[in-house]
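Peer 1: One structure, as structure tokens, below. Some questions next.
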Amino acid sequence: MADELKIGDAAPDFTLPRDGGGQMSLSDFKGKKLVLYFYPKDDTSGCTMEAKDFSALADAFKAVGAAVVGASPDSAKQHDKFRDKYELTFPLLADESKQVLEAYGVWVEKSMYGRKYMGVERSTFLIGPDGMIAKIWRKVKVTDHAAEVLAAAKAL
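So this is what it looks like as structure tokens:
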């Protein structure tokens, strides 16, 4: 496992398939602020609430020059259904190989009811226009998270 990413580190590069077809890379956001958030699964209660919160603030993020992108191990086809069902306004990336999840240190061992398994630790990375990590939220609690990220993006 790589060293845990810290504020000031260069954001790991990526190119992943996205909802609606095509691909998206970190380099697509050069010179812009990027909110890259990782979530466990499309259409589950916490992930849906988080996605709807980020979507509701889309104009506010745009106003401070920040793009929002979600990523999970789900397929691009699953992302299409999720996006359409909740009218999400930002791209969703499909990391089925989990390479980007691992690069960002969010593919971790979890435990539920004594059973250990690998899964996504809900995390958000605010990446500055210079490609450096400006802020990290790990083990995110969904309530008010999008607003907190927006405040940090404004301050950047």
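Here the sequence shown is numbered in the numbering used here, starting from 28 and rising by one per residue.
We put the beta carbon where it would ideally sit given N, CA and C, even for glycine.
#1: Taking just the CA atoms, how far does cysteine 74 sit from threonine 42?
#2: Roughly how many angstroms separate the alpha carbons of aspartate 171 and lysine 108, rounded to a whole number?
#3: Could you pull the start and end residues of the alpha helix (DSSP H) that methionine 51 belongs to?
#4: Where does threonine 116 sit, in a helix, a strand or coil, going by DSSP?
#5: To the nearest angstrom, how far is it from the Cα of alanine 83 to the Cα of glutamate 114?
#6: Could you tell me the boundaries of the alpha helix (DSSP H) in which serine 82 lies?
#7: Exposed or buried, methionine 28, counting other C-beta atoms within 10 Å across all chains shown (16 or more means buried)?
#8: Skipping 5 residues on each side, what residues in its chain have a beta carbon closer than 8 Å to that of glycine 48?
#9: Once you ignore the five residues that flank lysine 112 on each side, which residues in its own chain have a CB closer than 8 Å to its CB?
#10: Please report the Cβ distance between valine 147 and tyrosine 66, rounded to the nearest whole angstrom; I am assuming they are in contact, meaning their Cβ atoms lie under 8 Å.
#11: Between which two residues does the alpha helix (DSSP H) containing leucine 153 stretch?
Peer 2: Short version:
#1: Whole-angstrom Cα-Cα distance: 22 Å.
#2: The straight-line gap from Cα to Cα measures roughly 25 Å.
#3: Here methionine 51 belongs to no alpha helix (DSSP H); instead the beta strand (DSSP E) covers 50-52.
#4: DSSP, read as helix, strand or coil, puts threonine 116 in coil.
#5: When rounded, the distance between both Cα atoms is 10 Å.
#6: Boundaries of the alpha helix (DSSP H) around serine 82: 72-83.
#7: Reliability of the predicted coordinates at methionine 28 is poor, the pLDDT of 45 falling under 50, and the value obtained from them is presented with this limitation in mind. Per the 10 Å Cβ criterion, exposed.
#8: The answer, listed in chain order, is Ala103.
#9: Excluding sequence neighbours, lysine 112 sits near Asp70.
#10: Beta-carbon to beta-carbon, valine 147 and tyrosine 66 are separated by about 6 Å, close enough to satisfy the 8 Å threshold.
#11: Run containing leucine 153: none in the alpha helix (DSSP H); it sits in the beta strand (DSSP E), 150-154.
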